[in-house]
Structure formats: C-alpha cells, structure tokens
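Worksheet: one structure, shown below.
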Amino acid sequence: MKVMERVSLNELDKRFASGSSLELNALLPTGIQDEIGHFNVFNLLNIRQGAQDKPSEPYQCRTFYKISLLQGHSQIGYPDGIIQLSQPTLVFTTPKMPVTWFPEERQSGMFCVFTPEFFHPARSGVVVDELPIYKSPEHPVFQLQKGDIKKVKDIFEKMQTMIASTYAYKYDLLRVYALELIHLGQQLQSTVMLHPNHSHFARTTSLFIELLERQFPLENPHQRIKLRTAKDYADMLSIHVNHLNKILKETTGLTTSALIGGRILKEAQILLRQTNWTIAEIADSLGFSDFAHFAKFFKSETSIPPGTYRSQAKSLNYT
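Residue 81 in full-length UniProt numbering sits at position 81 of the sequence shown; the count goes up by one each step and never skips.
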C-alpha cells in the first residue's frame, strides 16, 4: 500500500496559494506563529480562484484536523469505501484517517484547519482526540438541513472576520467557534450518519417524519400548517423531491404524498371529533384552499363527508 505524504499546515497554506491570485501573506493571519498551535480558515472559492483543479486536495492524510462545509457534487474516499455527496455536508477529518476528496464540479464551501496543540487543555479545557466526534468508529460526514446550513455558514463567517481582526484574544474566540462546529457535529452524530447508504435512508426518513410531526397538533383555528406538499418537505431537507420519494418508498412502503396525506387525515379526524371548529376552519388550518377541496379529500380517504364523520363521532361520544 502506498504511504500518503504528510503535509504541514504551513505547506498547506503554500499549496493553496500556489497558482492562485492570492498572495501567501493574504492567507496567513498575522501573528499566528506567536500562538500555541496553528489555526486557519479558508473559503474554497477564494483559494481555488485561478488555480487548476487538484482532485486530491484537501483531503489527503495530513498532520492537522479539518472541519469542512462542502457544497456541490463530490466524493469522499475512505479506505473502506466512498461516500457520495450531493447536498451541503459537514465533514470532520483527522490526521489518523487517510481521506481523499474527489470534486465532480465547481465546489463552494469553507473549511478550517488546526493542529491538536491549538486545543491545548490548558487553553480550551478539552483534549481533541477525546471528543466524541473524533472517537466514533463511523465516518463523521453529515448532510445538513437548511437551518443547519445557515448555522454552519454563520460560524465560518465569524471565523473569517475574527482571524482578520486585531483583537488580542481572537484565538480564544476562534477556539470557541471551532467548538461550536464540533458540538453541532456531535448533535448530528446522535442521529444516523450518511455512511453507509442504508443509514442515509434511515436518517432521511427520520428527519422527514420529525418535520411532519412538528406541524401538529393544531391548537387553534388561526394556526396553519406550513409544509403541505412533497416539494415543501424536499426543500426543507435539501434533497430532490424524487429522491425523497424513493427513500420513503423503500423505508416505509408509501410515497411522500401518501404519508403527508395520512397525517393530515389523522389530524382532521381529531379536530372533527374533539373541537367545535367549523369544517371550513379545519380545512384552512390543514392547508386546503377551500372547503370543497377538503371535503373531496376527506371523502376519498374515508368514504364519508367530514360533516357525517363528525356527527357519527359525536353520537358515539367518540373522543
């Protein structure tokens, strides 16, 4: 087996600066050598501007840790297999695991790199290798939802602003920002990871069901569900609607629309039985454009109109 070269942080900075329109001094923050350990943050678009593609960058075996936000189609190669990336993804890599990145198109995103000394226990109170994100036997590769994408981008942008500042304690803040990313990764780690494929399907299904259930119960007629169609859910999960449908069909046996419709029907029956809302109010809260549309949906699912269902439920004192 070919031994992969080890590259220092300074050498990484030089390689990324080489062939680009950016000078090395523009990439290296002033005074970084005065700190214990090393830290830097990069924007993929900026550092690769004017440079030729280097498919094996930046995920070969190195002497530092890396936290990356990758956007665009690419692959991450581990010794035990390849993970396909198509959605915004948060990736954690360490010097202990050889990893190669294969971009398939123009990439965007950001990443930070640091040596273990940067998180010296006397300064940070943590030992990097003892953090759950780096101890897990699974590969820490996480597909992000829209809300998490914004959180991650905001943290990286704060890093970029702080590293360029003259604030005397900026590296203390940079440790805090890096730990924010690590803790976010550990929160995502509590759910199913993207690797292998069946885990990706299970996690996507779990996230879909969580989004669906989060819209209920409806507690007053002024509430209205926000996610009504398969596309609404696909957009929230940052996934193509057809791919979401394929995943749900495989894991549940039902289409996305069938699962949404089934949950809406269940809520409609609860509201008809347990509230005095008008049927028009129920229809509106459940996202139907008008009473007729709701009545048609309800009858197609139960064989009786919503008014009849309510009358029968009350006559049976069905609660």
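The C-beta atom is built at its ideal place from N, Cα and C for all residues, glycine as well.
According to DSSP, which residues form a beta bridge with residue i?
i    : result
Q75  : Q84 and F102
M110 : N43 and L69
Q143 : T89
Between residue i and residue j, what straight-line distance do the alpha-carbon atoms span, to the nearest angstrom?
i    : j    : result
H139 : L69  : 15 angstroms
G81  : Q75  : 10 angstroms
T161 : V128 : 24 angstroms
I163 : Q145 : 27 angstroms
H73  : Y233 : 21 angstroms
T205 : Y167 : 45 angstroms
S300 : P137 : 49 angstroms
L218 : R224 : 8 angstroms
Q274 : S289 : 23 angstroms
I304 : E157 : 56 angstroms
N46  : Y169 : 26 angstroms
Ignore the nearest five residues each way along the sequence and tell me which others in residue i's own chain have a CB closer than 6 angstroms to its CB.
i    : result
I264 : L286
N245 : T255 and T256
Y65  : T94 and F114
F294 : A283 and F288
Q71  : P88, S108 and G109
With a threshold of 7 angstroms on Cβ separation, who are the neighbours of residue i within its own chain once the five nearest residues in sequence on each side are excluded?
i    : result
L272 : I282, P306, Y309, R310 and A313
F201 : I247, E250 and T251
T302 : Y309
Q186 : P132 and I133
W277 : P221 and L271
L174 : F39, M159, M162 and I163
Q189 : P132, I133, S136 and P140
I'd like the list of long-range same chain contacts for residue i, defined as Cβ closer than 8 angstroms, with 5 residues on each side in sequence excluded.
i    : result
S238 : Q87, P88, Q143, L144, Q145, K146 and I149
Cβ atoms of residue j and residue i: under 8 angstroms apart, would you say?
i    : j    : result
T115 : H38  : yes
F111 : I155 : no
I279 : F291 : yes
Quick check: is the beta carbon of residue i nearer than 8 angstroms to any beta carbon in chain C?
i    : result
V141 : Although the question refers to chain C, the structure presented lacks it and comprises just one protein chain.
Assess contact between the region 149 to 157 and the region 92 to 100, defined as three or more Cβ pairs (one per stretch) separated by less than 8 angstroms. Is contact present?
Counting C-beta pairs closer than 8 angstroms gives fewer than three between the region 149 to 157 and the region 92 to 100, which falls short of the contact rule.
Quick one: any contact between the region 273 to 283 and the region 226 to 234, if contact means 3 or more CB pairs under 8 angstroms?
no
Three or more C-beta pairs closer than 8 angstroms, one from the region 265 to 280 and one from the region 203 to 213: is that the case here?
no
Taking 8 angstroms as the threshold, find out whether the region 106 to 120 comes into contact with the region 173 to 191 through three or more Cβ pairs.
yes
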